[in-house]
Structures are given as structure tokens and as C-alpha cells.
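Reading through the C-alpha cells given below for one structure.
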């Protein structure tokens, strides 16, 4: 087992990892930028080292600084959390070169899954259903139009290096092809320094359902059932739940098997997530694999009673996973509380939290790095807390979450909590009747108007 | 279902009940004394009514005032919580007379279990093992000595109306009988206005293990397995866990059956707890039945995923319970954080909380009514928070609790948290090797000395 | 002449009153003190008792949430309005408070005359109202003498413990 | 006449009350003090400026818990002491801080002479030390001119970003 783990991240996920390390008796090293001096992860780690100024490129993405800290503190492993360097193949390689265990998959796994066109090919070769699409990358507008005709409109144009909704366009007919092609390529070039594009059939009103998997160094892979992440706005997840209200036992079995196949295809090591689109006929299509812990991993933990960060560490240390799959024993919902104004187009609202009261009691879990007086830096993402409600049924979990949001008080900044309260009262949501289109039609009522 | 429930209690249990009511869509009425104006239960209830000055006798024990509030607010049920009027048969009767549902057992059940000598008789008649003891109450010193000789020293002298360790004495030989008899009777008379006494065999170094049960209005009873409450100091529980490290599957089955028998004997309605002493040979003896929700009910909730307060309300409203028993699916530990100085003989330390940081994350549940700035009144009990840690194994739950206590910060007052941290590091505790004698030998190290 | 210690004590004392500026001129002293307008409350809190410390210490949003039940359906019935806070100008009066929870009545029974009206002179021991609790009618007697300045509760309303009932001009 | 000590005590005392301006005129004293508006609240709370706002806002006990790992067994190795806070009397100096994480060396290699010593006059651009990060030796040049007043880090010690390395008397 590792003696000391460096956590190459910040915010709630850094705190999350420190907690599990403490429980496992592993020492921790926090890194932080000058903007995060007063962060809890800095306080709760055994050691903390300032690695650079506020901009991520000079701190949380600064590979030489992070490796230096690992060497200076004698850390024998690095946990990258999510975001930042968590899916950076070069970082995984440099860790290995320096004799530091990267807690996550290898450089090769990240490359195989990070490049979407390659991932699609791997899936086809291994019999994992993917959306019909172009055979690899598209060179020219003309090629694209031909392929789109073959697949059938509407189609989705995607950047192979894409993520977070950038470099993506839905194209509904040939007339708008060229215009959208140019826009998407420019965006991809600016965002990822890579403007290679491919095409997929666009699934109308799909469910975004992902399967959590875990694989060990010996080729064993199991799945931990699904999470429904269809409640999203501009590809940003707002609320996740497990089990999915759209799931059937048969579909779970089939999707679980497909996810295991996908992971086994590349001998995947670590925890990971296969994201699928599911159409109204319950046909499902592999979208991509996230080769890291997800923001929403907590709901899977709550219904399986596993600690996924502990699983990551155990797998990285060479432990074998059990050969069984895990199924939800309860219902869990997560609301991401962001420092954003839901009545103003979810505009980010960094600032100081002047008053804070967190919910508690039966079935409520809170993961947060904020406290009364905490100043939210404008440099990083706006998520300030994850609230998870667990109960025996979906209806109970919804009512428990509403109770928790009622107790939650965050003063000094605007948050998405009022939006979540409205969402949980929506009749369609309560009936489990939603797809990824849900937020396009959802009207947020400003109580002050 | 009820429309509105009055909560005849304060502190964390009042908040606990309000939370479940909110989740069930039931309105709530809080009552409070002038000392509790700034309490969270007052804030979170739909209505709150001041019922009297700080002393409990004039507020939380003031039956006419509480009934008046229920009538004025049109509450159709009263939840008594634990302590105060929760096991007061007269209060249960008056509620019934006023057409208000008392959420708990009937007057008759409380009487049958509240009077310990009667309860013993009922248990004997129904084949529930009890400690060998006197046949009913003891009239004189001479009768007592004769009975003690028959049972065999050491014996335990107990007040039939007793509770909380008052009116109890261990007598080890005939010489000390008369002196201790007089002392215990005087204490019982002063504490309970009832000096009737009985004798029991004194079990050396027993385990204090209780079985949670639930019974409905139709005579069905089930059990929800055990809680080990052997870590106690002067009969005050400090830490509870489930499953008990001393438990075996066979013993759980036998004790569960005995608890069900005890409840069925009186057609018990509501949730309740049968407390047993278990000797080192795993013989078990019925001690008493608590006809209310227990402080430590949360650990049972965490390992069974039930909401026991919801069960209470459902049962009171006439719901049928499922006919199955519930077994622990995980391991849960509760630490009671009291405003007491563990380095100074657990002296109560009321005062103002000037800084507060509560733990969170995977497997941690906190139930508390305090907040930064809260003034702990000197009038009521000293418990300010319950922290529950849940994990798959006992060792993991212990490490998780240590991590949670490490994160916990309470400033301005002294608390028992440092004691709990030491307890969780004790090799005997970690091995599950403890009885009710544990605290007599446990040495608390003051880090400042 | 006032020395600095005296001036300092003077400033400390007046700061708690909650004023924005004070100007003093005597033969041998000219003093002007300005208090920051928004901060007066905070500054004044330095040592004084605060009526509702709750609101300072816990996010004030919690207070706002009262009466916002989770279940929207449950809002149909209106919570009883128990308490009316005494206003600033009522501070010169003595307050007679309710010694119990119950229903406040201004006459012993519907066919009997009202016990007291605004303007009535009362003496210690005079019955002012009855409070009904659990079918018992409890006569509430004046503990002070004076003139009834205000009756704070409507006839037939519920009252809680310690709730102000009457203001009396001593 | 009031002496400076008295006036100083007076100002310190009234500053805690939370006022924005005070004007005193007596026969032998004319005093006007203005307090910066934003700072009043902090001053009123206890007087002193707090260096790390963190400690005001979160229970200070959290800070005390640093370096107390849950597992007693894990305390065997001592965490590296990275940062030494600058002391009060060092405020008059200019501080040269580390632009990166790494190991601080006072000479280019073990057989070469030390770059600078206390008392040395330096000019902008002079190399003061090297910081090794990932086997690369980065020369750190002075951005100011002056005299080396203090070297804050031991040769061969780890340094973090923004850590003070040298104090320079301008």
C-alpha cells in the first residue's frame, strides 16, 4: 500500500480523496495555488505546498511543479481527481517515468479512450454498440456531406478531442452543413488545438445514462450499475440519480455487459465510466469513456456502500477486484450546488460566503470544501457543494432532497439551489419522465418577479 | 395520515422529527421554552409556540400547556421524542382523551413496561429470560436479605420506577445490605416519588445489547437486530454500534425472537427497544423495554436503510408493518458528542459555541441542533451532536469515525470528542473486546498534562 | 477640563445608543464624533445584550424559510400568528405578559362585560382577562397599577407563554 | 497637557468602538482622527489586523489539526517544513520570493562558490541561487538592487511557490 499520496486537485474532490486516505492510514500532500491558500484541502492534508499563481495553467496544470512536489515530499502516488490532469496521458506517463504511481489508468488507456474516433473504432471491433457514424475522421466539407447523407440527418458533428460540449454541432440538413462545420472546427481548434472532426447519427431526445465500471491490473472488470445524468444544461450535468427511472433490469444487464466489454477491450485499469445515449426504444449507443472518478460517483457509493476512491487506491496498489457486479440497494439523487445565478442564465457568481448552514440527518450526505467566510475564487469551476439524498424509493429520495435544500442556507452569493428546488417539484421530473432535452423546455420561475 | 404533528421535545430529536415530517408532507408545530428561542427546531417547524420558562417542569413537561398548543394549532398528533414525556403514561392518556394521537404506545403499554417489577412478571409468564431475582417487590430489609441469599450474591437492588442509574445499588454481601438498601430507597423516593424496590442477580461484566423492535396495531411485531451499548459511564451511553462485535448469528436469532415475544406479550404498538444483559457465555437476560425512539436509533437506520421516525408515524396512523425482520447490511457506529469536559470527570460545560465545523462526505451522518453562535442552555441535557459513521466493516467504520472526529471542530465549549478519539484508538475497543465495565478501567489521557 | 479618559468613556457610551454624529461644545471642550452609518449596529454590539442573537449568528436565511413547508400542498392552512413584537415607542410602558399558553378572552363569558378597556385605571390585583387552557379559564390579574395604554391581543386569539398582552402606563 | 502616550491610548481605545471620525479641541489640545470606513468592523471586533483571513472565518481549531493524521502509525515521518513566515521587523525589506517549487541551492554545484552572502551588494539581474525542479537547475536572478539582509532558506531545502527566499535592503 502507498505511504503518501499527493492530491493533484483542489476543492471538494481534493477533500474527498484526503478523507479516504486518512481512513486508510495513508499520508496526504495537498497542492494549491495562491488563490486557494484558505481552502480546506490545504488544512486537512498532512502537508500542503503552494505550486503557483491562480491561473490553472501555472498551478493545477503545471506538471513540472506537481512532479517536483511529489519528489520533494516523497509521495509514492498521485491522485488526479477529476478535471485538470486527470485524463492527461502525458501526465500519467511522466508520473510513471518518475516512479510515482498515477492513480488511474495508464497513458495507453487514456489515449485509447480520450481520442473519440479511436475509441469508436475499438468499440466497433469489440461489438459494443455505437451510434452510426462516419468511418473515422472527415477530411473535407464534401466528404462530410456525403457521410451525413449516408447516415441520415440529423447528424452530430463532433471534435475528436472534444469535451464539455465544445466543438459539437447538431446539423439538421445539408444547407446548414458548411456553416456549422466551419464554426465547430474553429471552436475545436481554439479549445483543444485539434480540429479533427467526425460525424454521428444524432439521437433525438435521448437519455444520458452512464455505467460505472472498475477494472484491476489482472484483466478483471465489473460494473456498478448506472447513473442517469440526463438533467443537463448545455452538456453540464445538474442532477444525477441512480437507479435511472428509465432503467429496466434487462437493459441494465445489457448495458452493464457492454460497458464491461468496452473496458476489457483495452484491459482497462482503475475505475471508469462508460457514457451511453439511450433512445426511447431503449437502444443504447456508446458515447465515450471517462477514465477517472466522476463528480457524481457519490450516488453510486450510497446505493452500493462502496468507497470508490478507496477502490481506486486499492486497484492502483495492485489489489484484485471481486468478480461480481453491484446493483443499487436504494435510490440516491445528487444535486450539484453551483455558485451560479439560476434566474440569470446560470451566470457564475464567485464571491464570499457570508453565512452557511448545511443540511444533515437521515439519508443526507454533503461533500463540500466551503465554509462560512470562504471566498470562491473566480479562477476555477463554480461547484461549491454536492448534496446527496438516499432513501428506499425514488419518491422518498426526492422528498428528502427537497427537505435538505429547504435546510440549506448559503448567503453572500447566488447558487443553483432554488433551481433544484423547482426541478424537484416538476411533475415530469417527479414521474421520471425526462430526457436530455428536459432543460431546454424547463422554465425557471424567478420568485422575485 | 396526519395533517399536523406537534413535537413535544427540543434539541436534535425535535429537528430529527421535523425532518421526517417535512419529507412526508406533514406540517409541524414546535414548542419551546424561553431558553430555546434561538433553537433550530423553532426555526424549521412550520409553527412554533413558546410554552413556558426554562425549567422543564414548566415547559417541556407541562402537559396542560402542550395540550393547549395542540388544540390551538389543530395538531392531530403529538410526537414525544425521547426523554421528557415520551414514557409518561398519563400524557399518553390525556392525548387520547383530547382526540390527539400520541405517536408511541398506549398508556397501558407504557405502564406495563415502565413498572419494572410488572415487566419482569410479564416476561416470566411469556418465557422471555430474565435475570434471576426476587418474586416481585420487597417489603423489608429482612425479606431482601432472605431473597438475596436465595439468588446468591452479588445482587442488584433496583427501584421499580427507576431509570438513568438512579435508585440502583450492587450489593456484594449481607453486611452491606442494609446500608445500601436505605440509600437506594431514599434516592428512588427523591427521584421518582416511588421507593418500591426489587432484587436481581448481578451479572458481572455483562454486555449491554438491545434489540430494536416495531409492532403495529394489528399485533404484528418484527425486530431490526441489535445495538451494542456497552460503552457507558455511570449508565450513560457514550458510543453505540451495530452489529455488536460480541454478536453471533445464532444469538441474534434467539435475542430477536425473545424481543418479539416480549412485545407480543403486551400487543405492543410502535417502535421500541428491549434491553438485555448478555454474560460471557452468551446467556441473555431481559432488563427493560424502552417504549420510545432511542437516542441511538440512527445506527439501526444506517444499516437497514429504514427511517424509524417515519415507521413510528406510519404505525401511529394505522399502517401495517412488513412481517420480516431486518439485519445489518453494513457497520455503523455512533459517538454522542456532549458539552462535557472529558478531562474533568465529564463535567457539563454549557456555554456558547463560537466556532463550528462539522464533518461530512462518504459514510458520515450528523444529527445536531447547534450552529456557530448557539448558546447551550444549562437547563437541559448536554448532548449537542450525534455523529454516525457507516462502512462495510467494523474496522472501516472505526477509521471513518476517527477521520470525522478529526474534521470536527467545536470552539467555545469543551466536548467529549477528544475522549471518543482516544476510545477509538484503544486496542481493546478496536478488537471489540469490551463489556459495560470497560469505562471503569479506561484511562483518559489529558493531552495538556 | 474633561480629560481624554473621560472623553473616551463618553464616546464609548454614546456609541451604543446608535447615533451617527455628536457635537459637544462647552467652555473648555469642543468635541465632534462621527459614527459610520451602516456599521452602527455592528459597532454597538460590542458588549450589549442583543435581543435575538440567533439572527446574527446563523444565516439569516433560515429565519426567512419559516413557514415554507417542503410540500407545497401543505400550505393550505395559515399558521396562527402568535406574536406581535413590541414597537419602539412602547418602551416607556410596562408590559403585562401571558403566564401561559391558551386563548385570550377579554370577558369572563360572552354575556358578561369586558374586564378592561384602553384608558382604564387599574390597580394591582385587578382581573384583566381570562386565558383558557384545556377548558379551564384562568383569570389574569394585574401585577402593577397604572392606566391601560394598549391591548395587544385580539379577543379570542391564541397566546403563547410570555407574549405581551397589555401595555400599562405606570 | 495630554502627552503622546495618552493620545495614543485614547486613539487605540476609541478605534475599537467603531467610529469614523473624532474631533477634539480643548484649551491645550486639538485632535482630529479619521478611521478608514471599511476597516471599522474589523477593528471593532478585537482590534488587531488578522494576517490570514482564513483564521477568522473558520474555526481556528482546524488549523491546529494540521499534521495530526488519523493513523497514529503514519506520523513516523516528519512533514517537510516549507514556509517560514516573515517577522514583523522584516517589513522594511524587499522580499525575493521563489517563482517555482523545487530545491533551493546557494551555489551552482557543490564545488563552486556560493552566489551571495548576507551583506553582499546586489544589482538587478545578479544570480542569487538556483532552484532545482525535475533535474533542471533554474537560476534565480535579482529583480531589485540593494544589500542582502537575510537569507531565509537553508541550502538544499525544498521551497514552494511564492516562498520568501531573501530579504534585500533597498
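Protein chains in written order, with my numbering: chain A, 3 to 451; chain B, 3 to 451; chain C, 1400 to 1569; chain D, 1400 to 1569. Here a beta-carbon is modelled for each residue, glycine too, at the ideal position from N, C-alpha and C.
Query, Result
"Per-residue DSSP class, three states only, for residue 58 (chain B)", "helix"
"Which residues DSSP lists as bridging residue 1520 (chain C), in chain order", "C:1546"
"Cα-Cα separation, residue 103 (chain B) to residue 318 (chain B)", "7 Å"
"Residue-level contact to chain D via CB, residue 67 (chain A), 8 Å cutoff", "yes"
"Proximity winner among B:287, B:193, B:271 and B:350, relative to residue 314 (chain B) (alpha-carbon distances)", "B:271"
"Against chain A: residues of the segment 341-373 of chain B by CB proximity under 8 Å", "359, 360, 362, 363, 364, 365, 366, 367, 368, 369, 370 and 373"
"Among B:187, B:130 and B:131, the one whose alpha carbon lies nearest that of residue 139 (chain B)", "B:187"
"Where residue 14 (chain A) sits in the DSSP three-state scheme", "helix"
"Neighbourhood of residue 303 (chain B) by C-beta, 7 Å cutoff - its chain only, sequence neighbours within 5 removed", "309 and 310"
"Within chain E, partners of residue 74 (chain A) - CB distance below 8 Å", "The structure shown has no chain E; the protein chains it does contain are A, B, C and D."
"Within 8 Å, strictly: CB atoms of residue 284 (chain A) and residue 25 (chain B)", "no"
"Proximal residues to residue 1546 (chain D) (C-beta, below 6 Å), its chain only, five neighbours per side dropped", "1520 and 1568"
"Beta-carbon proximity list for residue 209 (chain B), same chain, < 6 Å, skipping 5 on both sides", "232, 248, 280 and 437"
"Residue 408 (chain B): first and last residue of the uninterrupted alpha helix (DSSP H) it sits in", "396-409"
"Contact list for the segment 291-325 of chain A against chain D, Cβ threshold 7 Å", "none"
"Sheet register partners of residue 342 (chain A) (DSSP bridge)", "A:350"
"Residue 52 (chain A) at chain D interface by Cβ criterion, 8 Å", "yes"
"Inter-residue Cα distance where the pair is residue 364 (chain B) and residue 27 (chain A)", "16 Å"
"DSSP three-state assignment for residue 160 (chain B), whether helix, strand or coil", "strand"
"Simplified DSSP state of residue 368 (chain B), which is helix, strand or coil", "strand"
"From A:39, A:94, A:178 and A:316, residue whose alpha carbon lies closest to that of residue 66 (chain A)", "A:94"
"Below-8 Å beta-carbon distance, residue 36 (chain A) vs any chain D residue", "yes"
"Minimum Cβ-Cβ distance from residue 437 (chain A) to chain D less than 8 Å", "no"
"Cutoff 7 Å; reference residue 153 (chain B); Cβ partners in own chain excluding five residues on either side", "134, 135, 201 and 203"
"Contact check, residue 215 (chain B) vs residue 262 (chain B), beta carbons under 8 Å", "yes"
"Cutoff 8 Å: residue 280 (chain B) Cβ touching any chain C Cβ", "no"
"Exposed unless 16 or more other CB atoms sit within 10 angstroms - verdict on residue 87 (chain B)", "buried"
"Closer than 7 Å at the beta carbon, the chain A residues around residue 423 (chain B)", "The premise fails here: residue 423 (chain B) is roughly 13 Å from chain A at the closest Cβ pair, so nothing lies under 7 Å."
"Near-chain A residues of the segment 1536-1562 of chain D - C-beta to any C-beta below 7 Å", "1557, 1559, 1560 and 1561"
"Closest residue to residue 419 (chain A) among A:387, A:20 and A:38 (Cα-Cα distance)", "A:387"
"Residue 1565 (chain C), DSSP secondary structure in three states", "strand"
"Beta-ladder partner(s) of residue 234 (chain A), from DSSP", "A:239"
"Residue closest to residue 373 (chain A), alpha-carbon to alpha-carbon, out of B:366, B:368, B:357 and B:15", "B:357"
"For residue 354 (chain A) and residue 1439 (chain D), the rounded distance between their alpha carbons", "With a pLDDT of 33 at residue 1439 (chain D), under the threshold of 50, the modelled position of that residue is not reliable, and the figure given next carries that caveat. Taking the straight line from one Cα to the other gives about 19 Å."
"Beta-carbon proximity check, residue 1565 (chain C) vs residue 1527 (chain C), cutoff 8 Å", "yes"
"Residue-chain proximity (residue 332 (chain B), chain A), Cβ-Cβ < 8 Å", "yes"
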